[in-house]
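Going line by line, the protein sequences match chains A and B. Our numbering puts the first sequence at residues 12 to 398. Our numbering puts the second sequence at residues 12 to 398. All C-beta atoms in this analysis are idealised placements derived from N, C-alpha and C, irrespective of residue type, glycine included. Below you'll find the structure, written out as structure tokens, and then a few comments.
2 protein chains.
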Amino acid sequence: MTRVFMVDGNAIPVKKYGEKKTLRDMLKEAALPLIKRNSEISIDLVVVGNMAAPQFTQQNHLGAFLTTELALDGVPSLRVEAASAAGGASLYFAYRAIKSRLHRAILVVGIEKMSSTVTEEATSFMAAAADWEYEVQHGITFPGFNGILAQRYCYEFGVNPDDLLLFSVNAHKNAAKNPLAMFQKEISLEKAIKSPLVADPLRLYDCSPVSDGAAAVLLCDEETLKKTEVNRDNVVELVSSEIATDTITLHNREDPLELKAATVAAKRALKHAKITKDDINVWELHDAFSIMAVASLEALGLSEPGKAVDLAKEGEIAIDGKYPISTMGGLKARGHPVGATGIYQAYEAWLQLVQQATPQVDNPQYALTENIGGSGATVTINIFKKM
Amino acid sequence: MTRVFMVDGNAIPVKKYGEKKTLRDMLKEAALPLIKRNSEISIDLVVVGNMAAPQFTQQNHLGAFLTTELALDGVPSLRVEAASAAGGASLYFAYRAIKSRLHRAILVVGIEKMSSTVTEEATSFMAAAADWEYEVQHGITFPGFNGILAQRYCYEFGVNPDDLLLFSVNAHKNAAKNPLAMFQKEISLEKAIKSPLVADPLRLYDCSPVSDGAAAVLLCDEETLKKTEVNRDNVVELVSSEIATDTITLHNREDPLELKAATVAAKRALKHAKITKDDINVWELHDAFSIMAVASLEALGLSEPGKAVDLAKEGEIAIDGKYPISTMGGLKARGHPVGATGIYQAYEAWLQLVQQATPQVDNPQYALTENIGGSGATVTINIFKKM
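See below:
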């Protein structure tokens with residue numbers, strides 16, 4: 012069974028581009044430099060992670076759209092969707108395609124352009140990741156779901172909701188140094204606490220923004236790697252790629268505060284990589300809302316239930332902490348172009364492992380990315396290893 | 012490298028269900044019997060082929076929606092989209108996932124519910140498979156694209172447009188015997204010629220209908236097959252699964268009448284299966300419009316350019332002809348629930364090979380399914396073999 016390598020990556024700054032850049036522009040800016048830099052590698056499959064381009068931009072069929080635009084004549088392509096876990100799920104497919112030995116080099120692109128629509132519509136397009144019949148048509152949105160979870164969490168464990176904002180403060184601190192981040196500035200806890208309520212107890216600063224982004228990574232098999240002249244210092248191995256699911260409906264779960272799919276997928280991924288969580292040095296978590304950072308830390312076993320804010324208080328989630336999370340600014344401050352997020356995470360894991368990240372974790376050996384679809388209904392876990 | 016087997020399949024009748032059945036109802040009716048009948052097989056991945064559920068039904072994230080509804084707790088799932096080739100593209104993924112040896116048994120579901128919306132909206136949702144910026148926003152729709160192609164074809168080769176309707180007459184003849192078909196009745200050429208023009212020269216009877224459908228197939232590896240008690244007479248091998256792409260925009264093609272991606276994908280698939288086109292006994296073509304049956308026959312090398320209608324005139328495309336196509340009624344008369352079509356085709360290939368089809372081709376050994384996204388921008392070719 013061949014190993015799977017990531018030899019390069021590229022991404023555009025996360026922003027609201029509005030009319031300034033089309034889907035096509037974003038795509039080209041993210042993927043073309045990668046193709047040019049690696050022209051000796053013959054791409055034989057293109058996988059696109061995207062959640063909702065047909066709704067945001069009236070453009071479906073992104074696989075063929077992309078191969079056309081990149082002049083990859085005849086190359087097979089398709090789109091993978093798993094709500095906001097579309098990016099992570101694309102890697103899941105690409106990993107298996109290389110393992111099947113039917114492909115040698117795969118371009119994986121994550122793209123989402125959310126800003127071409129008004130925000131209310133964006134909220135409704137996002138809600139399509141939940142169960143329309145049982146949930147959405149009754150009026151709930153994703154900020155609503157996360158507000159409910161945060162409310163319950165704070166009640167259950169006696170946590171002060173203000174403390175959830177510590178995760179946003181940490182995210183912004185990292186984003187301030189990341190040139191690709193949407194909000195390249197630090198925020199104070201005081202300011203965050205004064206931000207308006209969005210879904211009680213969650214405030215504006217607990218929530219990731221509507222964002223546009225496109226990121227691309229290039230995966231290949233052992234034989235392709237052997238043949239290329241790519242600098243070995245820039246090569247990272249994708250050692251595990253797993254998905255687990257939970258019920259799409261929140262009311263079906265025994266304990267809605269448990270991100271069971273994250274626990275299951277991470278367990279599978281660590282086992283497959285033959286490592287434990289203690290081997291991981293960088294944790295790119297799906298912190299679309301502060302409560303999701305909390306739930307993720309607990310689901311991944313980095314904290315006891317109800318204790319995740321302690322990690323934030325003690326600086327353990329900081330870039331120089333025991334469990335550095337959201338190292339590039341997280342979904343809160345780097346931005347969350349939903350279907351692209353999983354590929355941004357992969358690119359950021361790669362940057363950390365090849366030591367080209369800003370901010371940079373000190374000499375990491377393993378990075379884990381967690382990409383969530385819906386309220387934890389789909390969770391993808393990818394683990395990357397330094398060569 | 013393990014071989015890939017299809018051990019069972021199931022589908023609901025193709026219809027406009029409107030309010031009578033929800034997406035959830037359709038899904039359960041298609042997939043649950045399959046799971047129950049094969050309860051000894053442990054499904055470890057679910058792949059959903061769907062083109063536009065978020066637009067038609069406001070339900071995205073069909074992977075988790077499906078694993079929830081089928082009570083496949085924790086099982087990984089995701090959705091594959093390649094416009095109306097989503098079904099074929101799902102098989103493409105599942106085939107690679109089994110070949111990777113990371114999965115043993117995969118449920119592949121194709122689903123589309125188009126009738127919950129008015130037809131004008133359906134036409135616009137379908138148009139999202141073309142290039143919005145360069146094509147769709149200027150007003151063209153899929154009947155329009157196909158009308159242009161038919162116009163050019165008839166001009167170029169001196170073909171009478173009425174003769175294109177011979178493909179619809181053949182499709183209806185087969186559909187009359189297929190209990191799952193949307194239009195279970197024969198039509199006369201005279202009646203078809205009198206049907207209203209939709210996009211000159213194409214008439215209503217040249218075009219497939221807006222349809223609802225759900226189909227499911229169960230794939231597994233050699234080891235799983237060995238362990239199961241499934242009746243070997245009902246097992247078929249999936250010997251090849253290929254995709255090729257062409258430009259999403261029609262104006263970028265050298266010759267728009269050439270379905271280049273079909274030619275390329277079929278060539279790869281036949282080579283991989285180590286057979287020639289003469290070994291294929293059943294051809295499930297993507298005849299969404301009569302002109303697409305024509306273009307497919309020519310792209311797959313069954314006819315010289317400009318001569319495909321001769322095959323229809325000579326009865327060679329009939330169930331007892333040299334190249335039986337649309338054996339279950341084709342997209343025209345069986346119906347075309349877009350993202351589900353590729354899985355209906357796979358199910359129908361399976362029915363033919365295990366000799367449970369009505370109408371039935373005489374003792375077929377190989378069946379080929381061609382599933383097209385857009386105007387031939389994505390073409391998937393799957394080849395099935397009798398055991």
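Backbone secondary structure at residue i - three-state DSSP
i                      : result
residue 385 of chain A : coil
residue 149 of chain A : helix
residue 93 of chain A  : strand
residue 256 of chain B : strand
residue 157 of chain B : helix
residue 88 of chain B  : strand
residue 114 of chain B : coil
residue 230 of chain B : strand
residue 287 of chain B : coil
residue 200 of chain B : helix
residue 16 of chain B  : strand
residue 313 of chain A : coil
residue 73 of chain B  : helix
residue 349 of chain B : helix
residue 81 of chain B  : coil
residue 327 of chain A : coil
residue 57 of chain A  : strand
residue 180 of chain A : helix
residue 188 of chain B : coil
residue 26 of chain A  : strand
residue 109 of chain A : helix
Under 7 Å from the C-beta of residue i: neighbouring residues of chain B
i                      : result
residue 70 of chain A  : 139 and 143
residue 179 of chain A : The premise fails here: residue 179 of chain A is roughly 26 Å from chain B at the closest Cβ pair, so nothing lies under 7 Å.
Residue-level contact to chain A via CB, residue i, 8 Å cutoff
i                      : result
residue 326 of chain B : no
residue 62 of chain B  : yes
residue 37 of chain B  : no
residue 356 of chain B : no
residue 258 of chain B : yes
residue 275 of chain B : yes
residue 12 of chain B  : yes
residue 202 of chain B : no
residue 307 of chain B : no
residue 272 of chain B : yes
residue 154 of chain B : no
Residues of its chain near residue i, where Cβ-Cβ distance is below 7 Å and the 5 sequence neighbours each way are ignored
i                      : result
residue 94 of chain A  : 62, 140, 384, 385 and 389
residue 66 of chain A  : 136
residue 310 of chain A : 269, 270, 273 and 274
residue 256 of chain B : 272, 388 and 389
residue 35 of chain A  : 80
Interface flag, residue i vs chain B, CB-CB below 8 Å
i                      : result
residue 187 of chain A : no
residue 254 of chain A : yes
residue 348 of chain A : no
residue 370 of chain A : no
residue 267 of chain A : no
residue 85 of chain A  : yes
Residues bridged to residue i [DSSP beta-bridge criterion]
i                      : result
residue 294 of chain A : A/336 and A/379
residue 397 of chain B : B/247
residue 300 of chain A : A/218
residue 21 of chain B  : B/227
residue 391 of chain B : B/254 and B/382
residue 46 of chain A  : Beta-bridge pairing links residue 46 of chain A to no other residue.
residue 210 of chain B : B/213
residue 121 of chain B : B/60 and B/226
residue 237 of chain A : Note: residue 237 of chain A sits in no beta bridge, so no partner.
Cutoff 8 Å; reference residue i; Cβ partners in own chain excluding five residues on either side
i                      : result
residue 212 of chain B : 158, 161, 162, 165, 172 and 175
Partner residues on chain A for residue i, Cβ-Cβ distance less than 8 Å
i                      : result
residue 263 of chain B : 79
residue 31 of chain B  : In chain order: nothing, as chain A lies at least about 15 Å away.
residue 147 of chain B : 69
residue 65 of chain B  : 63, 65, 66, 136 and 139
Interface residues of chain A facing residue i [CB-CB closer than 9 Å]
i                      : result
residue 388 of chain B : 72, 74, 75, 76, 78 and 79
Cross-chain neighbours of residue i in chain B, by beta carbon under 8 Å
i                      : result
residue 385 of chain A : 72 and 75
9 Å Cβ cut-off: residues of chain B touching residue i
i                     : result
residue 91 of chain A : 89, 90, 91, 92 and 104
Where residue i meets chain A, residues with beta-carbon distance less than 7 Å
i                      : result
residue 111 of chain B : 107, 110 and 111
residue 100 of chain B : 89
Residue i at chain C interface by Cβ criterion, 8 Å
i                      : result
residue 122 of chain A : The structure shown contains no chain C; the protein chains it does contain are A and B.
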